[in-house]
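Protein sequence lines, in the order shown, are assigned to chains A and B.
The numbering of the first sequence is this note's numbering, which starts it at 7 and goes up by one.
The numbering of the second sequence is this note's numbering, which starts it at 15 and goes up by one.
Quick reminder that beta carbons are idealized off the backbone N, C-alpha and C, glycines included.
Since we're looking at a predicted model, the values are computed, not measured.
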Amino acid sequence: MIPDTLDGAIILSAIDFFLSFIIIGSIGIVLACFPYLNRLCEISDEDLKSGH
Amino acid sequence: MWNQALVFLQALLDQTGAAKFWWGNAVMIIVGCVMIYLAIAKKYEPFLLVGIGFACITSNVPGSDLILEGGLFNYAYQGVQLLIIPPLIFLGVGAMTDFGPMIANPKLVILGAGAHLGIFVALIGAKAIGFTLNEAGAIGIIGGADGPMAIFVTMKLAPHLLPQISVAAYSYMALMPLIQPPVMKLLTTKTEREMGMPPVRKVTRLEKIVFPIIIAIIVNMFFPGVAPLITMLMLGNLLKEVLMVDRLARTAAGGLMNVITITLTLAIGSTMNADTFVTFNTLLIVFLGLVAFVFGTGSGVLTAKVMNVFMKEKINPLLGSAGIASVPIAARVSHVVANKANPNNFLIYHAMGPNLAGVFGTAISGGILLALLGAQ
Chain A
7 MIPDTLDGAI ILSAIDFFLS FIIIGSIGIV LACFPYLNRL CEISDEDLKS GH
Chain B
15 MWNQALVFLQ ALLDQTGAAK FWWGNAVMII VGCVMIYLAI AKKYEPFLLV GIGFACITSN
75 VPGSDLILEG GLFNYAYQGV QLLIIPPLIF LGVGAMTDFG PMIANPKLVI LGAGAHLGIF
135 VALIGAKAIG FTLNEAGAIG IIGGADGPMA IFVTMKLAPH LLPQISVAAY SYMALMPLIQ
195 PPVMKLLTTK TEREMGMPPV RKVTRLEKIV FPIIIAIIVN MFFPGVAPLI TMLMLGNLLK
255 EVLMVDRLAR TAAGGLMNVI TITLTLAIGS TMNADTFVTF NTLLIVFLGL VAFVFGTGSG
315 VLTAKVMNVF MKEKINPLLG SAGIASVPIA ARVSHVVANK ANPNNFLIYH AMGPNLAGVF
375 GTAISGGILL ALLGAQ
């Protein structure tokens, strides 16, 4: 897919670096929505520990 | 008769490993001894360096059949070659890790990408000096500072470079407290280093249970190349966070992790044979690894400073260098440098956020690399 040349290395690096920002940023957006999960239910540690 | 005796003695000597011993073996035996010294006297990564050092010494004694096909160390290497060991390491790591700091402060997750410029500087540098693109990709991933990921990507892209890359990756991870601080101080002012951070919110048990499930789905859907590693990381973490299977979590983080660590160190050390290791390419790879770490540290700090231009609530730029995936070493370095500037500053919990995000940053960078190079 990518040519085995210096230009290919630069293109590969630019695409990878740029995409990783986009994807990590998206994961950050998903994590920013996590506090809304707490409206669904609450889990207590004691309930989980007493379950076995 | 005397000549005949000499011929027989010569034939006997030729049967032993001593006849095949060359100066390269002596160099590598010294390297192994230095590793054990660093582990014991300087306490640098003893869990890794003792095993690697010992296997390096024994694999450079010609005549030993431990590294030959059917030998014990060769079987250990099969675990690496078949990509069984790295995912099992991540299972143990996941069972030991609290992702709360990362979940609590999603803004800092972006530093897990910013601190990975070093991967690409090393990749381009390796290509420029004559490595193939696949080899350059494997060398670049040293900059991710993630041992199992470096092994995983190297086995897919350039398995013949595994000894050099794994030794460089693990060695530089241990040396981060020496490598990072000068770069961090060069790129920050004292005022910036003294900056405190507000307390982070408490992350609930529900969030910690949902996190590994969501991440496993995302990674398997979009990054199948690195899915084995991250999936096992998330499984280990789920075992830890549900609290009901603490026996399994303890096994993953304890006994199993110890067995896998011993196997991995023997496998890596056994590949450090002088015939393949004492080459000019090894020196180049070691140099490029250092370049990757320096640029990664710098790019993380600069990413944090760029974020501060746009954010109302500023972050301490030292958190940026924690985006390198060496957990928890990079976070600890950020904390120590900040604490030296301001003794009231305790950044370790904040620094763990980008540090953990760096694991995903390396996985994403590695996954895209494998996909673009067609090496799934």
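- Within the segment 79–105 of chain B, contact with chain A at the beta-carbon level (separation under 9 Å) is assigned to no residue.
- Around the C-beta of T168 (chain B), 16 or more other C-beta atoms lie within 10 Å, and the residue is accordingly described as buried.
- For I99 (chain B) against I274 (chain B), the beta-carbon gap comes to about 6 Å, under 8 Å, which counts as contact.
- Neighbours of R219 (chain B) in chain A, taken as residues at a C-beta separation under 8 Å, are given in chain order as I49, S50, D51, L54.
- Using a CB distance below 8 Å, the part of the segment 118–129 of chain B facing chain A consists of P120, K121, V123, I124, G126, A127, G128, ordered along the chain.
- The residue from B:A188, B:P191, B:G283, B:M235 with its alpha-carbon nearest to that of I43 (chain B) is B:G283.
- CA-to-CA, the gap between L280 (chain B) and V75 (chain B) works out to about 15 Å.
- For V167 (chain B), the nearest beta carbon of chain A is not closer than 8 Å to its own beta carbon.
- With respect to M209 (chain B), K328 (chain B) sits close: the two C-beta atoms are nearer than 8 Å.
- Within the segment 255–269 of chain B, V256, L257, M258 place their CB atoms closer than 7 Å to a CB of chain A, listed in sequence order.
- Proximity to F309 (chain B) across B:P101, B:P212, B:M190 peaks at B:M190, based on C-alpha coordinates.
- Shown here, K354 (chain B) sits in a helix according to DSSP, grouped into three states.
- For a Cβ distance threshold of 8 Å, residue set M7, I8, L18, I21, D22 of chain A lies close to L386 (chain B), ordered along the chain.
- Interface with chain A (8 Å Cβ-Cβ cutoff): K170 (chain B) is excluded.
- Along the segment 130–180 of chain B, the alpha helix (DSSP H) occurs as fully enclosed runs of 4 or more residues at 131–142, 147–154, 161–171, listed in sequence order.
- The beta carbons of A365 (chain B) and H349 (chain B) sit about 6 Å from each other, so the pair counts as a contact at 8 Å.
- Around the beta carbon of F294 (chain B), fewer than 16 other beta carbons sit within 10 angstroms, so the residue counts as exposed.
- For D79 (chain B), same chain residues with a beta-carbon under 7 Å away, outside a window of 5 residues either side, are G85 in chain order.
- With contacts defined by Cβ atoms closer than 8 Å, G128 (chain B) and G334 (chain B) form a contacting pair.
- Contact between the segment 217–227 of chain B and the segment 245–258 of chain B is present: 3 or more CB-CB pairs across the two stretches fall below 8 Å.
- Between A371 (chain B) and chain A, the shortest Cβ-Cβ separation is below 8 Å.
- Listed in chain order, the alpha helix (DSSP H) runs fully inside the segment 314–357 of chain B are 343–355, counting runs of at least 4 residues.
- The criterion of a C-beta distance shorter than 8 Å is not satisfied by I155 (chain B) and I138 (chain B).
- Using beta-carbon distances, G250 (chain B) does not count as an interface residue toward chain A, since no partner is under 8 Å.
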